[in-house]
Amino acid sequence: MADDIVVLDHITKRFPRIVANDDISLSIKKGEIYALLGENGAGKSTLMSVLFGLYEPDEGRIFIRGKEVKITSPREASALNIGMVHQHFKLVSDQSVTENIILGIEPTVKKLGLFSKIDIKGARERIKKLSADFGLDVDPDAKIEDLPVSARQRVEILKMLYRDAEILIFDEPTAVLTPQEIESLLSVIKSLRDGGKTIVLITHKLDEIKKVADRCAILCRGKLVGVYDVDSISTQEMASLMVGYEYSDEVNKEEYTGGESILEVNNITLYNQDKVKVVDNVSFSVHKGEIVSIAGVAGNGQVELADVIAGMLTPSSGTIIYKGNDITDKTIRERTEAKIAYIPEDRQDVGLLLDYDLSVNLALKSYYHEPYCSKGILNPSEFRKNGEMLIKQYDIRSSEGCSTIVRSMSGGNQQKAIIAREISLDADLYIFVQPTRGLDVGAIKNIQERIIALRESGKAVLLISLELEEIMNLSDTIIVMYNGRIQAVKKRSEVTANEIGYYMMGAKHEA
Amino acid sequence: MKHKGYKKAIVRILGPGKAQYLRISLFCIFISLVAGSVLLLLLGKNPLEGYVSILQGAGFIPKARYAGHKSIFTDFMSLVNYTTPMIFASLSFAVAMRCGIFNINISGMMLFSGFIASITVGYSSIPAPFAQILVVLIAVVAGAFSGALIGWLKHRFNANEVVISIMFNYIVSYVISFFIQTMFINPTTRQSERVGDNAMLTGVDTMIGDLRMDVSYVFPLAIIAVILIGFMFSKTRIGFELKAVGMNHSASRYAGIRIGRSVIFSMALSGVLAGLAGVSYYLGTFASIQPRVVPSLGFDAIAVALLGNNNPLGCLLASFLVMTISNGTTYMSSRLGVLREIASLITGILLLFSACGGAFKALADKYKEELDNEIDGGESK
Chain V
121 MADDIVVLDH
131 ITKRFPRIVA
141 NDDISLSIKK
151 GEIYALLGEN
161 GAGKSTLMSV
171 LFGLYEPDEG
181 RIFIRGKEVK
191 ITSPREASAL
201 NIGMVHQHFK
211 LVSDQSVTEN
221 IILGIEPTVK
231 KLGLFSKIDI
241 KGARERIKKL
251 SADFGLDVDP
261 DAKIEDLPVS
271 ARQRVEILKM
281 LYRDAEILIF
291 DEPTAVLTPQ
301 EIESLLSVIK
311 SLRDGGKTIV
321 LITHKLDEIK
331 KVADRCAILC
341 RGKLVGVYDV
351 DSISTQEMAS
361 LMVGYEYSDE
371 VNKEEYTGGE
381 SILEVNNITL
391 YNQDKVKVVD
401 NVSFSVHKGE
411 IVSIAGVAGN
421 GQVELADVIA
431 GMLTPSSGTI
441 IYKGNDITDK
451 TIRERTEAKI
461 AYIPEDRQDV
471 GLLLDYDLSV
481 NLALKSYYHE
491 PYCSKGILNP
501 SEFRKNGEML
511 IKQYDIRSSE
521 GCSTIVRSMS
531 GGNQQKAIIA
541 REISLDADLY
551 IFVQPTRGLD
561 VGAIKNIQER
571 IIALRESGKA
581 VLLISLELEE
591 IMNLSDTIIV
601 MYNGRIQAVK
611 KRSEVTANEI
621 GYYMMGAKHE
631 A
Chain Z
64 MKHKGYKKAI
74 VRILGPGKAQ
84 YLRISLFCIF
94 ISLVAGSVLL
104 LLLGKNPLEG
114 YVSILQGAGF
124 IPKARYAGHK
134 SIFTDFMSLV
144 NYTTPMIFAS
154 LSFAVAMRCG
164 IFNINISGMM
174 LFSGFIASIT
184 VGYSSIPAPF
194 AQILVVLIAV
204 VAGAFSGALI
214 GWLKHRFNAN
224 EVVISIMFNY
234 IVSYVISFFI
244 QTMFINPTTR
254 QSERVGDNAM
264 LTGVDTMIGD
274 LRMDVSYVFP
284 LAIIAVILIG
294 FMFSKTRIGF
304 ELKAVGMNHS
314 ASRYAGIRIG
324 RSVIFSMALS
334 GVLAGLAGVS
344 YYLGTFASIQ
354 PRVVPSLGFD
364 AIAVALLGNN
374 NPLGCLLASF
384 LVMTISNGTT
394 YMSSRLGVLR
404 EIASLITGIL
414 LLFSACGGAF
424 KALADKYKEE
434 LDNEIDGGES
444 K
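Those sequence lines, one after another, are chains V and Z.
Convert by adding 120 to the 1-based position in the first sequence; the result is the number in the numbering used here.
Convert by adding 63 to the 1-based position in the second sequence; the result is the number in the numbering used here.
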C-alpha cells in the first residue's frame, strides 16, 4: 500500500533462551498513532529496537516508504528519519537544552571566514520554533538538571524533531509521569500526529491507547495476536488479548466491617532538607481489616509520610501511635519487631540489596535473629530454606533460584521478592508504596490480590499509590493528599473516581 | 577478525566467570613482571637473573654464599618481619573499604599509635613480655580511637572521609614531629631515640641455633587477624552488616541496620589494625621514628589491599608478594649492579598495576558485552 510508511515483514528475533519476536508482520500508515500493546516481556521493545537498528532481526524484511532497508545502527535509523524516545533519557544533565539537542550534529558558522563556531543562536531559534509548533513548552536555555522528568522527556522529543524524524517511537513514555503529565504528553503526541508525524507508542496502559491511538497491535509472548482499530475494541477485550486469558478489572472483596485501631497518626509535620514543609499537620488512623489508601499526584508528601511512619524519616512534630504505644522515636528495627512491614517506593535502591543473592534479600528484615543468626554467626542453610519456601510460594522467577544475584532479576520479580519477604514477617500493619508501579497486568493483579488477602486476614493496610484505578479497586477509606495536607477523607462507597481526581488537583477543599 | 580475537582473549582471561577477581589479580602481577623485565632489558640486564636474585634476596631461593650466622632462613625471617606491618595495614584498608569507606589515614594511624607506644612503653623499663603486651594493647586502643573519631566525624557531620584522613595525616605528622624534635630527638641520627629492647615486637639479631636473625613476635597475631577478619566477613552478622552498609546505605537503613554504628565500628576496627601495623613497624621493623615523615607503607597498603581484592587472605598473599619484591630488590641491585632506585621502581610498577585491577575488570566486562552483541547479530547472516 502506498501510504504505509513502515512495513515489517515476517520479523523474527531470537535470543539465547527465548524467541522475542515470532514472525511478526505489521504495516504502519503515515500520520497515524500506532500503539504496540503487550505485557512486560511480550516483545514490544525488541520489535521497535529492530526498527531502530539496535538489534538485527534473524529473519524478515523491513520496508520504509516502500523501499526495503537494512537498519544496522541507530545512526542509519536516524538517516531514515526514525527517532526513538527511550524509557531512560539520554541527556547530559549539566548542559542546556539546546546543547543537548544539537549534540552530535552541531551546526557551525564561519567566523571571519576562518574559525568555525557552533551556531548556538541559530539552533536555539530553531528549537524555539519547533517547541512552539508542537506545543512542547521547553525553554532552550534551561539546564537539564533543573528540569522535571516530564520536561526532560519533551527535550528528548525535540531532539528527534530537530533531527527531522518522521517516525517517532515512544517506549513506555508514561511510566515515569504523573497523571497530569501523562495528559499533557498525550496531547503532545496528538499534536505531533496532526503535524504529519507517524507515531509508534509502546505501552501496557490500556486507557492511554483508548485516548490517543488510531490502531493498536497486540503482542503476547512474542507473537502478534492481532491489529485492531482502537474505536472498535473495548479495553476489556484488549486486556484479555494482551494477557492471553480472560482478565477482569474487578477485585472481589468483602464489605469493610470495622475493627480496632492499629495506627493513629497525629498532627505529623515534616520539613525536608531545604526547610520546605512537605507533610503538613496530617492526622488519620488505620484499623484492623481496613485498607486505607492515600491518593494524590506524585510529590504531594505521600511518600514522605510513609517514610515517617516506617521510621526512615523523623517528623518535625506530631506523634505516631501504633497499637496504643507511641513509636515516634523508635528505630526502624524496633518498628519491624513491633510488626510493621514496609514496601518502599524505590524497590531497587531501598527495598533490596541488589548485589546480594535472593536468599539474603528474602530475609533482609530478619537476618539478625534466630534461626538465621545465633550468637552473631549467620546460618546460610536457614537463609536458603526460607528462600526456597518463599520462591515457591510467591512464584518468584529467577535464573538460579536462591543464589540469583537480585540485580539480574526483572523488576516484577524483584517486587514480588520484597512483597514475599514483607508478608512473611506476619506483620499487623502493612505500608505499601506504589506496589504495582511499572509492572504488567498479570503481576499487578497478583499483588492486588495479596493486598486484599492481607485485609481479609485482619491486617491493617496503608496503601499509597498514584494509580487512581488501584485506589478505587482496593480501598475502604481514601485519603487525598495535596501539597502535604489532607485534602479529603472519604469512604470508598461514598465517592467516585472523578471526585477523588478533583481533590487530587486541589480543586475542592474539605477538612 | 584479528581484532575480535584479541577481545576474545581478554574476555577469556579476565572476563566474568569463576574466580574473576583472582584471575585479574594474577594478570596484574603478570604484566607488572613483564613491565619489570622490559625495564631490566633496557638497562642491559637479564630479567630472569633479576627475578632470581629478587627471590634469593627474599629468602625463597638460596644465594651463592652467606655471611656468618646467615642463611636462606634468616633472609626469609627478615621478609616475614618486614611483611607483618604490611599485612596489618592492608587488612586495615580492606576492612574500611568493605564498609564503603576509603581510609587513607592508615599512615597517620600507624604514626600515632607507634608514637604513643614509644613514649609510654618504649622508653620505660617495664620488663620484656609485659612491655610488649602493653605495646600491643596501646596500639589497639590508640588505633581504635583514631579510627572511631574519623568514623564519627563522617557519620555525624557527613564529612568526606578522604579529606578528613588526609588532614589527619598532616596533623598527626606535624604534631608528633614537634614532640619528637623537642623531647625525644637523638642528635646524631636526627630521629627519635631508639626504643628499648624490652618493648620491641621484633627480636633483633636473635640467636637461633647457629643463626642470627630478626624474629617478628607479632607475625602470628597478623595471621590470626587474617583468619578472624575473614571469618567476620563471611560468617558473622556484624560482617554482613558492614558489607551491606558498604553496598547501599538506604537499603541497609531500611533493613534496620544502624548506619552510624557500622561506619564507626568498621573505622575503629580499621584503626585497630592500622595501630598494630604502626607498632609492628615503629617498634619492630624499625625502632625509632623519623620526624615529619609518614610511612609510605600506609599508602602502599592501599594498592596491596586492592591487589588482594580486599579479601583478608588476598591481603596476606599480596602483602607477601609486594614485600618479597620490595625486599628482594635490595639484593638484586647489588647483584646486578643496578641503582637501588631502579630496583624500587619494580615494586612501584607492581603497586601501580595492582591498583589498575578495576580498570581491567571494566575493560573485560565491556568486551564481553560487545562480543555477546556481535554473536547475536552474527546469527542473522
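Using N, Cα and C, we set each Cβ at its ideal position, and we do this for glycine too.
Predicted model only: the values in this text are computed from it and were never measured.
Given A205/Z, which residues of its chain have a CB within under 7 Å of its CB, disregarding the five upstream and five downstream residues? Here residue 205/Z refers to the residue found at position 142 of the second sequence. Only F175, S176, I179, G338 meet the Cβ criterion.
When DSSP labels each residue in this structure, what does V428/V get in the three-state scheme? Start at 1 with the first residue of the first sequence, and residue 428/V comes out as number 308. Note: V428/V maps to helix in three-state DSSP.
Rounded to the nearest angstrom, how far is the Cβ of F254/V from that of L281/V, given a contact under 8 Å? Position 134 of the first sequence, counting from 1, holds the residue named residue 254/V. Position 161 of the first sequence, counting from 1, holds the residue named residue 281/V. With a Cβ gap of about 7 Å, F254/V and L281/V count as contacting.
Tell me which residue opens and which closes the alpha helix (DSSP H) that Q513/V is part of. Stepping through the first sequence from its first residue, residue 513/V is reached at position 393. Its alpha helix (DSSP H) spans residues 500-514.
Helix, strand or coil: how does DSSP classify R75/Z here? Locating residue 75/Z in the second sequence gives position 12, counting from the first residue. Here R75/Z sits in helix by DSSP.
Looking at chain Z, is there any beta carbon in it that lies within less than 8 Å of the beta carbon of D548/V? Locating residue 548/V in the first sequence gives position 428, counting from the first residue. For D548/V, the answer is no, since every Cβ of chain Z falls outside 8 Å of its Cβ.
In or out: A127/Z buried (at least 16 other Cβ within 10 Å) or exposed? Translated into positions along the second sequence, residue 127/Z becomes position 64. Classification of A127/Z: exposed, given that the 10 Å Cβ count is below 16.
Exposure label - T387/Z; buried when at least 16 CB within 10 Å: Position 324 of the second sequence, counting from 1, holds the residue named residue 387/Z. It is buried - the Cβ of T387/Z has at least 16 other Cβ atoms within 10 Å.
On the three-state DSSP scale, how would you describe N392/V? For the purposes of this step, residue 392/V is identified with residue 272 of the first sequence, where counting begins at 1. Residue state, collapsed to three classes: coil.
Out of curiosity, what's the CA-to-CA distance linking E614/V and M168/V? Position 494 of the first sequence, counted from the first residue, corresponds to residue 614/V. Position 48 of the first sequence, counted from the first residue, corresponds to residue 168/V. Taking the straight line from one Cα to the other gives about 44 Å.
Among I234/Z, V289/Z, T348/Z, D268/Z, nearest to G12/Z - alpha-carbon criterion: Lying outside 64 to 444, the shown extent of chain Z, residue 12/Z is not represented and no answer is given.
Contact set between K298/Z and chain V, taken where Cβ atoms lie within less than 8 Å: Your numbering for residue 298/Z matches position 235 in the second sequence. Ordered by position in chain V, the residues that pass the 8 Å Cβ test against K298/Z are I497, L498.
To the nearest angstrom, how far is it from the Cα of L234/V to the Cα of G224/V? As a first step, residue 234/V must be located in the first sequence, where it is residue number 114. As a first step, residue 224/V must be located in the first sequence, where it is residue number 104. Cα-Cα distance, rounded: 22 Å.
With a threshold of 8 Å on Cβ separation, who are the neighbours of V212/V within its own chain once the five nearest residues in sequence on each side are excluded? Translated into positions along the first sequence, residue 212/V becomes position 92. Closer than 8 Å at the Cβ level, and outside the excluded window around V212/V, lie E219, N220, L223, I264.
Interface residues of chain Z facing D394/V [CB-CB closer than 8 Å]: Locating residue 394/V in the first sequence gives position 274, where the first residue counts as 1. Those do not exist, as D394/V stays about 16 Å from chain Z at its closest Cβ, beyond 8 Å.
Neighbourhood of Y367/V by C-beta distance below 6 Å, restricted to the same chain and skipping five residues each side: As a first step, residue 367/V is located in the first sequence; it is residue number 247 there, counting from the start. Note that Y367/V scores a pLDDT of 48, beneath 50, so its modelled location is shaky and nothing firm can be said.
Report the CB separation of I441/V from E384/V in whole angstroms; it is logged as a contact under 8 Å. Along the first sequence, one-based indexing puts residue 441/V at 321. Along the first sequence, one-based indexing puts residue 384/V at 264. Rounded, the Cβ-Cβ distance is 4 Å, consistent with contact.
List the residues of chain V that A121/Z touches, going by C-beta distances under 9 Å, in chain order. Counting from 1 along the second sequence, the entry for residue 121/Z is found at position 58. Within 9 Å Cβ-Cβ: nothing; A121/Z doesn't reach chain V, min ~38 Å.
In whole angstroms, give me the CA-to-CA distance for I309/V and D548/V. If you number the first sequence from 1, residue 309/V lands on position 189. If you number the first sequence from 1, residue 548/V lands on position 428. Approximately 45 Å, taken between the alpha carbons.
Does Y394/Z pass the burial test, meaning 16 or more other C-beta atoms within 10 Å, or should it be called exposed? Mapped onto the second sequence, residue 394/Z falls at position 331. The residue in question, Y394/Z, is buried, as its Cβ has 16 or more Cβ neighbours within 10 Å.
If I measure Cβ to Cβ from L77/Z and keep anything under 8 Å in the same chain, skipping five residues before and after, which residues do I get? Residue mapping note: residue 77/Z aligns to position 14 of the second sequence, counting from 1. Closer than 8 Å at the Cβ level, and outside the excluded window around L77/Z, lie Q83, R86, I87, F90, F423, K424, L426, A427.
Chain V contact for H132/Z (CB, 8 Å cutoff): The sequence position of residue 132/Z within the second sequence is 69, counting from 1. By this cut-off, H132/Z is not an interface position.
Can you find the residues in the same chain that come closer than 8 Å, C-beta to C-beta, to M160/Z, ignoring five residues on each side of it along the sequence? Here residue 160/Z is taken as the residue at index 97 of the second sequence, counted from 1. Only N166, G309, A368, N373 meet the Cβ criterion.
Could you check what DSSP says for Q215/V in three-state terms: helix, strand or coil? Indexing the first sequence from 1 puts residue 215/V at position 95. Here Q215/V sits in coil by DSSP.
Please classify F90/Z: does DSSP put it in a helix, a strand, or coil? For the purposes of this step, residue 90/Z is taken as residue 27 along the second sequence, with counting starting at 1. DSSP places F90/Z in helix when its eight states are reduced to three.
Is it true that the CB of A314/Z sits closer than 8 Å to the CB of I471/V? Counting from one through the first sequence, the residue named residue 471/V turns up at place 351. Counting from one through the second sequence, the residue named residue 314/Z turns up at place 251. For the record, residue 471/V in the displayed sequence is Gly; it is not Ile. Contact flag set, yes.
Mapping the DSSP letters down to three states, classify R316/Z as helix, strand or coil. Indexing the second sequence from 1 puts residue 316/Z at position 253. If DSSP states are grouped into helix, strand and coil, R316/Z belongs with the helices.
Using three-state DSSP, classify C522/V as helix, strand or coil. Stepping through the first sequence from its first residue, residue 522/V is reached at position 402. C522/V falls in the helix class under three-state DSSP.
H208/V bridges to which residues according to DSSP? On the first sequence, position 88 is the one that residue 208/V refers to. Paired residue(s): none; H208/V is not in a bridge.
Mapping the DSSP letters down to three states, classify Q607/V as helix, strand or coil. As a position in the first sequence, residue 607/V is number 487, starting the count at 1. It is a strand residue.
May I ask you to report which of helix, strand or coil DSSP gives G323/Z? Here residue 323/Z refers to the residue found at position 260 of the second sequence. The answer is helix: DSSP assigns G323/Z an H, G or I state.
Less than 8 Å between the C-beta atoms of I460/V and A430/V, yes or no? As a working note, residue 460/V is residue 340 in the first sequence. As a working note, residue 430/V is residue 310 in the first sequence. In contact: I460/V and A430/V (Cβ atoms closer than 8 Å).
Say yes only if the C-beta of L212/Z is nearer than 7 Å to one or more non-hydrogen atoms of the ligand ADP, and no if none qualify. As presented, the structure is devoid of all ligands, the ligand ADP included, so that no description of it is given.
Meets three-Cβ-pair contact criterion under 8 Å: the stretch 598-612 of chain V and the stretch 416-427 of chain V: yes
CA-CA distance, I94/Z and F416/Z? Residue mapping note: residue 94/Z aligns to position 31 of the second sequence, counting from 1. Residue mapping note: residue 416/Z aligns to position 353 of the second sequence, counting from 1. I94/Z and F416/Z: Cα-Cα distance of roughly 8 Å.
Since I144/V and L344/V should fall inside the 8 Å C-beta cutoff, what is the C-beta to C-beta distance between them, to a whole number of angstroms? For the purposes of this step, residue 144/V is identified with residue 24 of the first sequence, where counting begins at 1. For the purposes of this step, residue 344/V is identified with residue 224 of the first sequence, where counting begins at 1. Confirmed, Cβ separation roughly 5 Å.
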